[in-house]
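To keep things clear, I will list the structure first and then write my remarks on it.
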């Protein structure tokens, strides 16, 4: 790699939070050196394995380096090279797979849009994104003229090799489907040129096939379908560069030209997939919708129902089961802290195996999980990296030696509380829960650690050491937000200083729920009283006034500060 590029990338890493080399005075010097040594070893092992032709093993090592040691100098020194090697490894493995590629035996079935097809076997699917939960409007009239993506599948070995499905609303004929989808592709791919076109023999629909290339050397194949006055297009894509934006990759990385013989292998697989494409006749669609509950069946996705959740996932079964068990337990704890008289409906969780697919679906750069009230779902992925991004947009570095997969649980405890509040208040009511409670309680549960005692699992809520350091420093420097103000903060005000406000919200909730003095003074009743008032009035300011009636806020603040300053940081 060019030395100037290397220095420039390292400066970017520092600005992004990547650490500079440890100094002699750094108390964490040994840990930092061990981490750097591991990163260096992964790079060297990956290169050696690749040189020896052991491409799958090399890809595993280099992906671990990129995902787990992304903030290490040893990674940033070779970042462009790692990106290029991953593309090269992935391309060569993908070609090997394409030569023997078959289709999934279980079809992709979409009862919402009324289609099915058999994607390439082992490719990762991403569910269609529904704008609003329980919104099943697929009206050709309401969305006439629009082109939207409704499915995507990606090679497990190469992120830049994928298959997408587009829906064209209310087309007049096959040509309009071709023209509209081609126009959408032209807006995404610079200098798109048609190489060939012709009819496609498939499942008795009007269908066509067009092959393209663009100015960057990307290769595309578009298959258009028209039946029952509905239009769709299946598009196979092989990009010459890695996809950017969600996972660390660099525009400076060299393009890998898609060789003609390799493209022919991909084209054969795309052709076979296109031949399975089927538009369900409207007269038969109701049966599919009943069977799939107006949902979508992806061949590589599974569903698991627990006591309180429906998990849709494409990760390991054992990991999905762990998530389900953990979330059932934390749901019981939500109910114990904030009881409900009405049943909470089964809550949905989408659990992705990779960060790439999670980010593509949710468009939440850097996040490890999120709660979406519009879709009424928690989305998360099997975290394997070094840094977690939280609701407050801050990064939490995972201590070396900890299993990063388990850190997803703590983030989901936080997001799960938002989901619980949504249903507790009543779906569709759109009630603002004061941020000091909504985020503070989320961070309170984030600190939960399970242990087995007497044959039963019990939850211990420990001080959130990361939040504790921030709020203790703010109290020492008298930079905390007075309680009488933070209790009245809007969400926008809370987000003006998220690091401080999230820490203070956590500290208030931790004080209220765990302090003996708070119990004696009746502060422990504030949260539940406020929420009950809010549920009835739907006015958070009136509910706040009612919940704090008779409370001496200056005395409470003094007691809160004293309590917080006695807590000891304890890293998990």
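Residue numbers (the working numbering): 841 to 1412. Using N, Cα and C, we set each Cβ at its ideal position, and we do this for glycine too.
Start-to-end residues for the beta strand (DSSP E) that takes in residue i
i, result
"residue 1036", "1033 to 1039"
"residue 1192", "1187 to 1192"
"residue 872", "No beta strand (DSSP E) contains residue 872, which is instead part of the alpha helix (DSSP H) from 869 to 891."
"residue 1007", "1001 to 1008"
"residue 1110", "No beta strand (DSSP E) contains residue 1110, which is instead part of the alpha helix (DSSP H) from 1100 to 1114."
Chain-order list of residues whose beta-carbon lies under 7 angstroms from that of residue i (same chain, five-residue window excluded)
i, result
"residue 901", "882, 885, 886, 889"
"residue 1310", "1339, 1340, 1343"
"residue 1014", "1046, 1048, 1064, 1066"
"residue 1121", "1068"
"residue 1034", "1050, 1052"
"residue 893", "none"
"residue 1119", "954, 955, 1045, 1065, 1067, 1068, 1070, 1072"
"residue 1103", "1059, 1078"
Segment limits, alpha helix (DSSP H) that includes residue i
i, result
"residue 1284", "1275 to 1286"
"residue 1358", "1356 to 1361"
"residue 931", "919 to 939"
"residue 1374", "1366 to 1377"
"residue 1414", "One cannot answer for residue 1414 here, as it falls past the ends of the chain, which runs 841 to 1412."
"residue 1073", "That residue, residue 1073, is in no alpha helix (DSSP H); its beta strand (DSSP E) goes 1070 to 1078."
"residue 1311", "1305 to 1316"
"residue 915", "913 to 916"
"residue 995", "Element bounds for residue 995: n/a, residue is neither H nor E."
"residue 1028", "1014 to 1028"
"residue 787", "Because the chain is modelled from 841 through 1412, residue 787 falls outside the range shown and cannot be assessed."
"residue 1386", "1380 to 1387"
"residue 1325", "1323 to 1326"
"residue 984", "Where residue 984 is concerned, there is no enclosing alpha helix (DSSP H), given that its DSSP letter is neither H nor E."
"residue 1334", "1331 to 1334"
Sequence-distant residues of the same chain with beta carbon closer than 6 angstroms to residue i, five excluded per side
i, result
"residue 926", "902"
"residue 1006", "987, 989, 1021, 1073"
"residue 1081", "1095"
"residue 958", "943, 944, 947, 1116"
"residue 1403", "1351, 1355"
"residue 1056", "1080"
"residue 1301", "1287, 1288"
"residue 1260", "1174"
"residue 1401", "1315"
heavy atom of the ligand GTP below 6 angstroms from residue i C-beta
i, result
"residue 1224", "What this structure holds is no ligand at all, so the ligand GTP is not there to describe."
8 angstroms Cβ shell around residue i - same chain, five flanking residues per side excluded
i, result
"residue 980", "1009, 1010, 1069, 1070"
"residue 1314", "1320, 1340, 1343, 1344"
"residue 1018", "1048, 1050, 1062, 1064, 1073"
"residue 1353", "1177, 1284, 1301, 1364, 1367"
DSSP bridge partner residues for residue i (one or two, in chain order)
i, result
"residue 960", "943"
"residue 1142", "1153"
"residue 948", "957"
"residue 965", "993"
"residue 1299", "1290"
"residue 1401", "For residue 1401, which the question treats as bridged, DSSP gives no partner whatsoever."
"residue 1061", "1051, 1076"
"residue 1352", "DSSP lists no partner for residue 1352."
"residue 1118", "956"
Using a Cβ distance threshold of 8 angstroms, determine whether the region 1272 to 1280 contacts the region 1330 to 1340, with at least three qualifying pairs required. yes
For the region 1157 to 1167 against the region 991 to 1010, are there 3 or more C-beta pairs whose distance is under 8 angstroms? no
Run through the region 1156 to 1219 for me and flag every whole alpha helix (DSSP H) of 4 or more residues, listed as ranges in chain order. 1157 to 1177, 1195 to 1202
Could you tell me whether the region 940 to 957 touches the region 1132 to 1140, using the rule of 3 or more Cβ pairs below 8 angstroms? yes
Below 8 angstroms, how does it come out for the region 1380 to 1394 and the region 1364 to 1372: are there three or more Cβ pairs, yes or no? yes
Please determine if the region 1171 to 1186 and the region 1148 to 1155 are in contact, where contact requires at least 3 C-beta pairs separated by less than 8 angstroms. yes
Would you be able to state if there are at least three C-beta pairs under 8 angstroms between the region 1164 to 1175 and the region 962 to 969? no
Does the region 1279 to 1291 touch the region 1342 to 1356, meaning 3 or more C-beta pairs lie closer than 8 angstroms? yes
Write down every uninterrupted run of the alpha helix (DSSP H) in the region 1243 to 1269 whose length is 4 residues or greater and which is fully enclosed by it, in chain order. 1244 to 1265
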